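J.:
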Amino acid sequence: MCEESSSVLVSTTSDSEFVNEAGNEAQHIRGLPMDWEGKLDKVHQLFSRAPLYNKISKQFELDFRDKGRAELKIQTSIKNFQLTLEENGRQTVLQLGRVGKSKFVMDYRYPFTGYQAFCICLASIDAKLCCTV
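Under this note's numbering, the residues of the sequence shown are numbered -7 to 125, in order.
Right under this line is the structure:
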């Protein structure tokens, strides 16, 4: 099964405000997407790269060859993902790949901090604990 998603990351280069008009911390009562609606210059929209179907293995797979560590063999897993800044973007900004039974490798670059990248990967793994390939 192929799952696509998109995410929003607050831009670190803009004068982003984390407070609402009343001066309180944003509570996201209307929902996070609605809070940032109309403020797209202050966020990076991220897109999940869609896996391609491999006719030989009869599985959906992501291409990790030129986008990470050559010495590690990435195993097929529903928990693997790659995020880009454009809908059909070529440059991967965050990727997570399974390299063992309980081992994963994470690669990230700007606009992510290590903490943001780790949190997204951890949330993604946690959300897919019941999924099987």
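Where is the CB? At the ideal position from N, CA and C, for every residue including glycine. What you are looking at is a predicted structure, and each value in this text was computed from that prediction instead of being measured.
Given a cut-off of 8 Å on the beta-carbon distance, is the pair Leu75 and Ser40 in contact?
T.: Against the sequence shown, residue 75 aligns to sequence position 83. Against the sequence shown, residue 40 aligns to sequence position 48. Yes, Cβ-Cβ distance for Leu75 and Ser40 is below 8 Å.
J.: What is the DSSP secondary structure of Ser69, reduced to helix, strand or coil?
T.: Taking the first residue of the sequence shown as 1, we reach residue 69 at position 77. DSSP places Ser69 in coil when its eight states are reduced to three.
J.: Hey, would you say Phe73 sits closer than 8 Å to Leu88, going by beta carbons?
T.: Stepping through the sequence shown from its first residue, residue 73 is reached at position 81. Stepping through the sequence shown from its first residue, residue 88 is reached at position 96. Yes.
J.: Mapping DSSP to helix, strand and coil, what is Gln83?
T.: Residue mapping note: residue 83 aligns to position 91 of the sequence shown, counting from 1. Here Gln83 sits in coil by DSSP.
J.: Helix, strand or coil for Ser40 per DSSP?
T.: Counting from one through the sequence shown, the residue named residue 40 turns up at place 48. Ser40 falls in the strand class under three-state DSSP.
J.: Give the secondary structure of Gly89 by DSSP, where H, G and I count as helix, E and B as strand, and everything else as coil.
T.: What you label residue 89 is simply residue 97 of the sequence shown in a count that begins at 1. Correct three-state label for Gly89: strand.
J.: Alpha carbon to alpha carbon, how far is Ile66 from Phe52? Give it in angstroms, no decimals.
T.: Along the sequence shown, one-based indexing puts residue 52 at 60. Along the sequence shown, one-based indexing puts residue 66 at 74. The straight-line gap from Cα to Cα measures roughly 13 Å.
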